[in-house]
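The structure under discussion appears below in the form of structure tokens.
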């Protein structure tokens, strides 16, 4: 994101040196009042938005009822769509409440919200199918429901660097967990996991002596598996809806595209190199080979090298994750986690065997807190995005035994993880602000 320049900002040193001047004090007071005014407006608009959502929901429900007319065939479609409206309202309220909590707890987070482009109004939308007509039972859907972020009626202006900021405002000490579910996902080696829509949960079971499989659970119950004969498995990345990309490690030097509604792979992509840890950003995938990191453009089917020096780094069977600005690599060979920036330079490296040993799976929440599965330390460690602070979030007392697979669902703030041979666990993650 391109920000405005800060040429018109006054340095703090200049304000202090001129503190005896009533004019300088008046300017400083006016600046603070301006920030307070913006935050007050933000709080007011968030509260108004919360009040409007139920009305928004009622209006759409009435529109849906009007659309269905008198054909009994649409009873089920109507109820399904109304349920999605309610679910969208709940998610919208959750988003607004989180922003409102940010604003009301501490005013100084204003700059952080601006830089993350993290403040919008939420509006529930219902898009009806153009082909919808009152006839025949061939109609499979009358529309879709989604919650959209829309621009608010005012602008959050950038504040000078360091002013009004609280870096790592939501400290990792404020992160709490609550176990939601224990899944009977067992295997020879559970190397990766993922959550999809419609309560679908996936696990990769690597078994070189038999057949490696994708284990599929729906609403916590085992639904079935997909054989990857004769390939192995290592990691998984989201592609589209129920479609995923699975890496095969060293076995076939390829990745496979799977649709969860089909028993076989839809597509095989030869990479001419081992494919281990993988992460995605839209249709671009970043994955580890044994000695370098590569970037796959799925639409263009082109592969290029990530331009960083890994000459002395063993990347065999390592995991990685990324956000828009950084790449995070868990290196079990060296017992560390390393962060790279967009120019491929090392930003920081975290090493502390007292709390993290043999790091494996790695994931990020929507605030870029890092979650790492420690296989030999039998725990999950959470660390700040700058790598300066870390603590154990889950451990042996929580049933962890050589965990490898880990996944964070940013939509619902759910942490999914699995021990190497099972079982697996789902935890709700709550991030509460803490005082400095």
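Numbering (the numbering used here), first residue to last: 356 to 791. Think of the CB as a built atom: it goes at the ideal place given N, C-alpha and C, for glycine as much as any other residue.
The straight-line gap separating the alpha-carbon atoms of residue 662 and residue 640 is approximately 15 angstroms.
From the listed residues 703, 762 and 787, the smallest Cα separation to residue 634 is found for 762. With respect to residue 786, residue 742 sits apart: the two C-beta atoms are not nearer than 9 angstroms. With a beta-carbon spacing of about 17 angstroms, residue 454 and residue 784 fall beyond the 8 angstroms limit used to define contacts.
For residue 618, the secondary structure class from DSSP, reduced to helix, strand or coil, is coil. For secondary structure counted as the beta strand (DSSP E) over 3 or more consecutive residues, the region 589-660 holds these complete runs in sequence order: 591-595, 598-602, 609-614, 620-625, 633-636, 639-643, 648-652 and 657-660. In this structure, residue 600 places its C-beta atom within 9 angstroms of the C-beta atom of residue 613.
For residue 703 and residue 694, the gap between their C-alpha atoms comes out near 5 angstroms.
Of the candidates 408, 437 and 402, the residue whose Cα lies closest to the Cα of residue 418 is 437. Contact between the region 713-728 and the region 751-769 is established, with three or more Cβ pairs separated by less than 8 angstroms. Beyond the five residues adjoining it in sequence on each side, residue 706 comes within less than 7 angstroms, by CB distance, of 690 and 691 in the same chain, given in chain order.
For residue 534, the enclosing beta strand (DSSP E) stretches over residues 530-538.
Assignment of residue 560 by DSSP, reduced to helix, strand and coil, places it in the strand class. In the three-state reduction of the DSSP assignment, residue 774 falls in the strand class, which pools E and B. Taking C-alpha positions only, residue 782 is separated from residue 559 by approximately 19 angstroms. Leaving aside the five residues that flank residue 699 on each side, the residues in its chain whose CB is nearer than 7 angstroms to its CB run, in chain order, 661, 662 and 663. In this chain, the beta strand (DSSP E) harbouring residue 738 covers 734-738.
About 7 angstroms separates the beta carbons of residue 769 and residue 550, which is inside the 8 angstroms limit, making them a contact pair. Here residue 534 is near residue 780, since their CB atoms are less than 9 angstroms apart.
Here residue 673 is buried. Its C-beta has 16 or more other C-beta atoms within 10 Å. Judged by DSSP in its simplified three-state form, residue 787 adopts coil rather than helix or strand.
At the C-beta level, residue 597 and residue 626 stay beyond 9 angstroms of one another. DSSP places residue 387 within a helical segment (H, G or I) once states are collapsed to three.
Per DSSP, residue 548 is one residue of the beta strand (DSSP E) stretching across 545-551. Counting every other CB atom within 10 Å of its CB across the protein chains shown gives residue 445 a total below 16, marking it as exposed. For residue 759, the enclosing beta strand (DSSP E) stretches over residues 758-764. Counting along the chain, no beta strand (DSSP E) covers residue 527, and no H or E run does either.
Within a 10 Å sphere around the beta-carbon of residue 655 sit fewer than 16 other beta-carbons, which makes this residue exposed. Relative to the Cα of residue 713, the nearest Cα in the group 688, 405 and 642 belongs to 688. Comparing alpha carbon positions, the residue from 447, 442 and 416 closest to residue 406 is 447. Annotation for residue 711: 690, 692, 705, 727, 729, 732, 734, 736 and 745 place their beta carbon closer than 8 angstroms to its own, counting only its chain and skipping 5 residues before and after. Under the three-state reduction of DSSP output, residue 754 falls in the coil class, being neither helix nor strand.
Here residue 442 has no same chain residue with a Cβ atom under 7 angstroms from its own Cβ, once five neighbours each way along the sequence are excluded. Counting of Cβ neighbours within 10 angstroms places residue 701 among the exposed residues, the total staying below 16. For residue 413, the three-state secondary structure derived from DSSP is helix.
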